[in-house]
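Residue numbers (my numbering), protein chains in the order written: chain E, 1 to 128; chain Y, 1001 to 1259. Worksheet for the structure shown next.
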């Protein structure tokens, strides 16, 4: 797969048009995980638009995005930064050996209180 | 009246009190929640990737069942509500997802988003009515309650259409109906830290403590939620700042319904 095809694939997977971004920064201003995002929500959008996908695929931010949709809610241009983060995360976890969490890591961290919803949602986000 | 009901995985296990109190209160208010047959876990998070199909099928199955059983699907867990409502929107508006999902399911008649998805709080507001609830209260909750909305009920607002995403009022109206005093605080629609707590509890700790300290600062004596994961994060990662309960537990208390 050429780099252009990989960029095209990320755009298609995100379902959002990153070229519509007008760089106001509201998405990152509203992000509750801002401090834990090494690449900020507005940067996900602009870096995909510029085709800088290698940095995105290496980011730590894909594990800290909460999918809370606050960035999507605030965007005045109808861009969905969270969907770009998810497209990158999906692309990473679909690669061999790149899961963010592995099945064998789960039993030792499960306690009496952890709800099924947490296990299912984390596994859906971090593992394919 | 009867309504098809989707409980979801956590309401059968760690959040039984949410399910049990909701059913008993609904019955006391004249609504019979009929659990749909053979439901499967919704997956707890809506898959945003445009090529995701298999991960949406359990929601579509539940929706199709409800289509043939009253036309409405009642949800209670915020995550189930978010996943099922957003998947329903896909089935209604995204021809590609609709075609591929139906191609898998091979239903007698294709499902195209016909079912109306309603959350329990919307049922209380629009079907029962907060005035009727007020009349049914036998033990008014004379306490200051902070409503915690979190993310899943409100966003993305274009699809969820639940309430004003920046300044919601439905849970405050609910609190008034059961005789409590709602406390409005700035972090009530901020994320609790969600699923990240399985991998890294530091981020959810900061988020959950901020939510509870914000509620306490504005005078809340306790906080209510509709989401088992929010409840878990606020309790396990929130630093014991305030007690956290399901909103249906307070409803049961107010209606004098015992589980």
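Backbone N, C-alpha and C define an ideal beta-carbon position, used for all residues, glycine too.
Which residues does DSSP list as the beta-bridge partners of residue i?
{"i": "residue 1146(Y)", "result": "1183(Y) and 1223(Y)"}
{"i": "residue 1119(Y)", "result": "1075(Y)"}
{"i": "residue 1035(Y)", "result": "1005(Y)"}
{"i": "residue 1246(Y)", "result": "1225(Y)"}
Interface residues of chain E around residue i at Cβ under 9 angstroms?
{"i": "residue 1197(Y)", "result": "114, 118 and 122"}
{"i": "residue 1207(Y)", "result": "32, 33 and 66"}
{"i": "residue 1232(Y)", "result": "113, 114, 115, 117 and 118"}
{"i": "residue 1066(Y)", "result": "Per Cβ cutoff of 9 angstroms: no residues; residue 1066(Y) is ~21 angstroms from chain E at best."}
{"i": "residue 942(Y)", "result": "In the structure displayed, chain Y extends from 1001 to 1259; residue 942(Y) sits before or after that span and is not available."}
Along chain E, in chain order, which residues have C-beta atoms closer than 8 angstroms to that of residue i?
{"i": "residue 1168(Y)", "result": "Ordered by position in chain E, no residue passes the 8 angstroms Cβ test against residue 1168(Y), which lies about 12 angstroms from the chain."}
{"i": "residue 946(Y)", "result": "For residue 946(Y) there is no data in the structure shown, the boundaries of chain Y being 1001 and 1259."}
{"i": "residue 1110(Y)", "result": "Correct list: empty, because the minimum Cβ distance to chain E is about 22 angstroms."}
Is residue i close to chain E, meaning its C-beta is less than 7 angstroms from at least one C-beta of that chain?
{"i": "residue 1229(Y)", "result": "yes"}
{"i": "residue 1017(Y)", "result": "no"}
{"i": "residue 1050(Y)", "result": "yes"}
{"i": "residue 1265(Y)", "result": "Only positions 1001 to 1259 of chain Y appear in the structure, and residue 1265(Y) is not among them; the question remains open."}
{"i": "residue 1155(Y)", "result": "yes"}
{"i": "residue 1191(Y)", "result": "yes"}
{"i": "residue 1165(Y)", "result": "yes"}
{"i": "residue 1059(Y)", "result": "no"}
{"i": "residue 1151(Y)", "result": "yes"}
{"i": "residue 1226(Y)", "result": "no"}
Using the three-state DSSP reduction, which class does residue i fall into: helix, strand or coil?
{"i": "residue 1065(Y)", "result": "helix"}
{"i": "residue 1040(Y)", "result": "coil"}
{"i": "residue 1004(Y)", "result": "strand"}
{"i": "residue 1046(Y)", "result": "coil"}
{"i": "residue 1207(Y)", "result": "helix"}
{"i": "residue 91(E)", "result": "helix"}
{"i": "residue 1197(Y)", "result": "helix"}
{"i": "residue 13(E)", "result": "helix"}
{"i": "residue 1241(Y)", "result": "coil"}
{"i": "residue 1260(Y)", "result": "No answer is possible for residue 1260(Y): it lies beyond the span of chain Y, which begins at 1001 and ends at 1259."}
{"i": "residue 1090(Y)", "result": "helix"}
{"i": "residue 1158(Y)", "result": "helix"}
{"i": "residue 81(E)", "result": "helix"}
{"i": "residue 1167(Y)", "result": "coil"}
{"i": "residue 108(E)", "result": "helix"}
{"i": "residue 117(E)", "result": "helix"}
{"i": "residue 1173(Y)", "result": "helix"}
{"i": "residue 1028(Y)", "result": "helix"}
{"i": "residue 1021(Y)", "result": "helix"}
{"i": "residue 101(E)", "result": "coil"}
{"i": "residue 1096(Y)", "result": "helix"}
{"i": "residue 131(E)", "result": "Residue numbering for chain E in the displayed model covers 1 to 128; residue 131(E) lies beyond these limits and cannot be assessed."}
{"i": "residue 1132(Y)", "result": "helix"}
{"i": "residue 982(Y)", "result": "Summary: the structure shown does not reach residue 982(Y), with chain Y confined to residues 1001 through 1259, and so no result is reported for it."}
{"i": "residue 1178(Y)", "result": "coil"}
{"i": "residue 1138(Y)", "result": "coil"}
{"i": "residue 1055(Y)", "result": "helix"}
{"i": "residue 1013(Y)", "result": "coil"}
For residue i, go through chain E and note every residue whose CB falls closer than 7 angstroms to its CB, in chain order.
{"i": "residue 1014(Y)", "result": "115 and 116"}
{"i": "residue 1045(Y)", "result": "67, 121, 124 and 125"}
{"i": "residue 1035(Y)", "result": "Under the 7 angstroms cutoff, chain E gives no residues; its nearest Cβ is about 17 angstroms from residue 1035(Y)."}
{"i": "residue 1041(Y)", "result": "120"}
{"i": "residue 1236(Y)", "result": "113"}
Counting contacts by CB-CB distance shorter than 7 angstroms, is residue i in contact with chain Y?
{"i": "residue 69(E)", "result": "yes"}
{"i": "residue 125(E)", "result": "yes"}
{"i": "residue 41(E)", "result": "no"}
{"i": "residue 86(E)", "result": "yes"}
{"i": "residue 79(E)", "result": "no"}
{"i": "residue 90(E)", "result": "yes"}
{"i": "residue 32(E)", "result": "yes"}
{"i": "residue 8(E)", "result": "no"}
{"i": "residue 73(E)", "result": "yes"}
{"i": "residue 83(E)", "result": "yes"}
Below 7 angstroms on C-beta distance, what does residue i contact in chain Y?
{"i": "residue 36(E)", "result": "1203"}
At 8 angstroms on the CB atoms, spell out the chain Y contacts of residue i, in chain order.
{"i": "residue 49(E)", "result": "By Cβ distance, chain Y contributes nothing, its closest Cβ being about 18 angstroms from residue 49(E), past 8 angstroms."}
{"i": "residue 13(E)", "result": "1049, 1050 and 1051"}
{"i": "residue 109(E)", "result": "1198"}
{"i": "residue 100(E)", "result": "1199"}
Just to confirm, does residue i get its C-beta within under 6 angstroms of one of the non-hydrogen atoms of the ligand MN?
{"i": "residue 1091(Y)", "result": "This structure lacks the ligand MN, and indeed carries no ligand of any kind."}
Which full runs of the alpha helix (DSSP H) of 4+ residues lie inside the segment 27-66 of chain E, going along the chain?
41-50, 53-57 and 61-64
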